[in-house]
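In our numbering, the protein residues as written are 112 to 355.
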Ligand SMILES: NC(=O)c1ccc[n+]([C@@H]2O[C@H](COP(=O)([O-])OP(=O)(O)OC[C@H]3O[C@@H](n4cnc5c(N)ncnc54)[C@H](O)[C@@H]3O)[C@@H](O)[C@H]2O)c1
């Protein structure tokens, strides 16, 4: 058990990729904090972690609320004494042609996908720096590295995650803390089916499923038992034992 005795926090772990990561980490021996805005799905994932023989806490957490993020980190340390790993998974998407991007969409996407990642990291870093160890893994996206006609703001948020990962890694290498991000292609989840409806069918006139199946970089579905999710691979792999 590579992560026996370790404590991981996974944001947005109520469903799909976040849930898969939480369960994978539990399978590797970690106790898991499910930091999810949706109470019911958060509780459900926590119960699944417990069924795998690990401790779990479901903390209702909105990553756009700094008070929630402080409470997430403080409660984890108060209850379990340590934070070894933060997985910044919570994220949202909104499709729009450039002319139709609203200020509200811009603010919301940046708040969840970029500001949420930064302040969740800041909240756990206070404890990690004191402990002189820690691991932060964030879900960026291929969208942060390429142009996409109807995902402009989403792409910006993911480019921000890539940038802040580099800076966090540099800023905290000397503290014994690693920061990495992963850039998945398409994973079949609620988010991507929403993109298929909004962008594929709604904006591009494609048939249902066509946007996803045309997959610019196809990955397996988040529920697949056979695959290790990227973050957990990072958490356990030899490269991750070195500072980034
Ligand atoms: N699905 C893909 O193809 C894909 C590709 C690349 C990157 N990603 C990234 O992976 C991550 C997970 O994606 P997914 O496809 O599983 O998405 P999803 O929409 O299926 O799940 C997202 C989860 O985050 C939670 N969440 C949303 N807003 C939140 C908030 N403010 N605070 C806390 N939790 C919140 C949701 O309740 C949900 O449980 C996201 O960051 C996404 O951008 C997904």
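Cβ coordinates follow ideal geometry from the N, Cα and C atoms, glycine included.
Every value quoted in this text rests on a predicted model; they were computed, and no experiment measured them.
Continuous beta strand (DSSP E) stretch holding residue i: start and end
| i | result |
| --- | --- |
| residue 142 | 142 to 147 |
| residue 169 | 167 to 171 |
| residue 250 | 245 to 250 |
| residue 293 | 288 to 293 |
| residue 121 | 118 to 122 |
Inter-residue spacing [alpha-carbon to alpha-carbon] between residue i and residue j
| i | j | result |
| --- | --- | --- |
| residue 200 | residue 226 | 13 Å |
| residue 292 | residue 320 | 28 Å |
| residue 195 | residue 115 | 11 Å |
| residue 419 | residue 192 | Residue 419 cannot be examined here, being either before or after the span of the chain that is shown, 112 to 355. |
| residue 358 | residue 302 | No answer is possible for residue 358: the residues shown for the chain start at 112 and end at 355. |
| residue 166 | residue 143 | 6 Å |
| residue 312 | residue 318 | 6 Å |
| residue 316 | residue 208 | 13 Å |
| residue 286 | residue 261 | 40 Å |
| residue 128 | residue 152 | 13 Å |
| residue 289 | residue 251 | 16 Å |
| residue 242 | residue 233 | 14 Å |
| residue 182 | residue 314 | 40 Å |
| residue 211 | residue 268 | 17 Å |
| residue 216 | residue 264 | 8 Å |
| residue 249 | residue 189 | 24 Å |
| residue 214 | residue 202 | 18 Å |
| residue 175 | residue 164 | 31 Å |
| residue 279 | residue 244 | 13 Å |
| residue 169 | residue 119 | 12 Å |
| residue 158 | residue 147 | 14 Å |
| residue 218 | residue 309 | 19 Å |
| residue 337 | residue 154 | Reliability of the predicted coordinates at residue 337 is poor, the pLDDT of 38 falling under 50, and no value is obtained from them. |
| residue 240 | residue 282 | 11 Å |
Endpoints, the alpha helix (DSSP H) within which residue i is located
| i | result |
| --- | --- |
| residue 274 | 263 to 283 |
| residue 129 | 127 to 138 |
| residue 303 | 301 to 306 |
| residue 242 | 227 to 242 |
| residue 323 | 321 to 324 |
Proximal residues to residue i (C-beta, below 7 Å), its chain only, five neighbours per side dropped
| i | result |
| --- | --- |
| residue 149 | 125 |
| residue 271 | 225 |
| residue 275 | 228, 229 |
| residue 306 | 204, 206, 322 |
| residue 53 | Since the first residue shown for the chain is 112 and the last is 355, residue 53 is missing from the structure and cannot be characterised. |
| residue 259 | 266 |
| residue 179 | 172, 173 |
| residue 177 | 230 |
| residue 277 | none |
| residue 138 | 163 |
| residue 186 | 170 |
| residue 220 | 203, 205, 264, 265, 268 |
Neighbourhood of residue i by C-beta, 6 Å cutoff - its chain only, sequence neighbours within 5 removed
| i | result |
| --- | --- |
| residue 140 | 112, 114, 115 |
| residue 247 | 197, 232, 290 |
| residue 235 | 184, 194, 197 |
| residue 222 | 175 |
Nonlocal neighbours in the same chain, by C-beta distance under 8 Å from residue i, ignoring five residues either side
| i | result |
| --- | --- |
| residue 117 | 140, 141, 142, 193, 195, 196 |
| residue 294 | 251, 252, 253, 255, 256, 269, 273 |
| residue 237 | 184 |
- [ ] List in chain order: all unbroken alpha helix (DSSP H) runs of 4+ residues lying wholly within the segment 160 to 215.
- [x] 177 to 191
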